[in-house]
Amino acid sequence: MALTGDTGNGATLALGTTGAVGNVRNIGEIAKELGKIETSHLGTTGQKTYIPDDLEEPGEVEFEVEWTTTTTLPSTGVVETLTITYPKRTGEATAANHAGTGFITKVSTPQLVNGTLQVAKITFAFDGDTGPTYTKATT
Amino acid sequence: MEPTHIEPTDIHYNIIDHRMPDQIGETIDVELRPHIGTQQTRLGPVQVEHDQYIIMAGRHGDQMLHIGYVGKAPGAPINFLRQDNGQPWPGPIKIAVREAIAQQLGSGARREGQPPEPTPPDDFDDDWDDDDLELDDTDPYEDD
Chain H
103 MALTGDTGNG
113 ATLALGTTGA
123 VGNVRNIGEI
133 AKELGKIETS
143 HLGTTGQKTY
153 IPDDLEEPGE
163 VEFEVEWTTT
173 TTLPSTGVVE
183 TLTITYPKRT
193 GEATAANHAG
203 TGFITKVSTP
213 QLVNGTLQVA
223 KITFAFDGDT
233 GPTYTKATT
Chain C
4 MEPTHIEPTD
14 IHYNIIDHRM
24 PDQIGETIDV
34 ELRPHIGTQQ
44 TRLGPVQVEH
54 DQYIIMAGRH
64 GDQMLHIGYV
74 GKAPGAPINF
84 LRQDNGQPWP
94 GPIKIAVREA
104 IAQQLGSGAR
114 REGQPPEPTP
124 PDDFDDDWDD
134 DDLELDDTDP
144 YEDD
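Chains as they are written, first to last, in the numbering used here: chain H, 103 to 241; chain C, 4 to 147.
As structure tokens, this is what we get:
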């Protein structure tokens, strides 16, 4: 049986309005989260009880890019579509991707340290308008 | 229950048979597909359309490959993916694709890394001229 694992090498990140942000070193995970509301009362025994919250947090993603002194810093607050494309595997015509609307909430300049690559950190928050969606690859 | 399907409405399969630069000597087809993703909801999966196109390209008659994205907004940048071997697409191919997309979308797509055009405020007067200037003829040094 063929091995099915893959690494992140070849993945890309694109911002629909800002455009390219330089060489991306890593892309953090996307975690949407639904809160919980406690419903325990004085008659509850054993364990606390919960119901699901009404609304879900669409989440955010943090990524690191190699810092270049000639690249324009991306602006915060510009609503745009972020697309993370997974590396294509053999035989795939269309790559799998995550995409959704949102905006950059944080841009951190790199630490300047001897013997260490200059890396900037950018945080993109999904706004919950469109997506985030997952589109599987097609062959 | 079947999930809700939203049919792509803007551009379905616009194919341009585009002549590439002389150094390539081939023609490629460039195709823009609506980017439709599946969003999970408590009512089940729903297909939603993103504000961008998936760029497919291929030599005429060959399989089309996903090579990037371009936003629907005028002047949106093209974001190229990399080839399967991790290398960027050669410059002549990027130029040809950029020209083909500019023909389709009407406005030239920005180059990668080029900052977006500044957006004028809503009350920006595009037809402003000197006649619009209302001079204040009061003398600020004149005693009351």
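Quick reminder that beta carbons are idealized off the backbone N, C-alpha and C, glycines included.
On a predicted model such as this, the values are computed, not experimentally measured, just so you know.
- In the three-state reduction of the DSSP assignment, Ile132 of chain H falls in the coil class, being assigned neither a helical nor a strand state.
- Around the beta carbon of Gln43 of chain C, fewer than 16 other beta carbons lie within 10 angstroms, which makes this residue exposed.
- Buried is the label assigned to Gly71 of chain C, since at least 16 other Cβ atoms lie within 10 Å of its Cβ.
- Between the C-alpha atoms of Gln149 of chain H and Ile139 of chain H there is a straight-line separation of about 14 Å.
- Put simply, the backbone Cα of Asp229 of chain H is about 9 Å away from that of Glu162 of chain H.
- Cβ neighbours of Arg85 of chain C within its own chain (closer than 8 Å, five residues either side excluded): Pro91 and Trp92.
- For the stretch 126-149 of chain H, the beta-carbon criterion of a distance under 7 Å to any beta-carbon of chain C is satisfied by none of its residues.
- The beta strand (DSSP E) runs of length 3 or more contained entirely in the stretch 135-195 of chain H are, from start to end of the chain, 135-140, 152-159, 162-168 and 182-187.
- Inclusion of Thr147 of chain H and Ala195 of chain H in the CB contact set at 8 Å is not warranted, their separation being larger than that value.
- Within chain C, the residues whose beta carbon sits less than 9 Å from that of Gly233 of chain H are Gly40, Gln42, Val51 and His53, listed in sequence order.
- Secondary-structure assignment with DSSP links His200 of chain H through a beta bridge to H:Ile186 and H:Tyr236.
- Residues of the stretch 197-212 of chain H with a Cβ closer than 9 Å to any Cβ of chain C, in chain order: Ala197, Asn199, His200, Ala201, Gly202 and Thr203.
- Setting aside the 5 residues that flank it on each side, Pro160 of chain H is surrounded in the same chain by Lys134, Phe228 and Gly230, each with a C-beta closer than 6 Å to its C-beta; the list follows chain order.
- Leu68 of chain C carries a strand assignment under DSSP once its states are collapsed to helix, strand and coil.
- Among the residues facing chain C, Gly161 of chain H is not included, as its CB has no counterpart in that chain under 8 Å away.
- When CB distances to chain H are screened at a threshold of 8 Å, the residues of the stretch 84-101 of chain C falling below it are Leu84, Arg85, Asp87 and Gly89, in chain order.
- A Cβ of chain H is located within less than 8 Å of the beta carbon of Ile57 of chain C.
- With contacts defined as CB atoms closer than 8 Å, His53 of chain C and Thr172 of chain H fail to qualify as a contacting pair.
- DSSP places Leu108 of chain C in no beta strand (DSSP E) but in the uninterrupted alpha helix (DSSP H) bounded by Gly94 to Leu108.
- For Leu35 of chain C, the nearest beta carbon of chain H is not closer than 8 Å to its own beta carbon.
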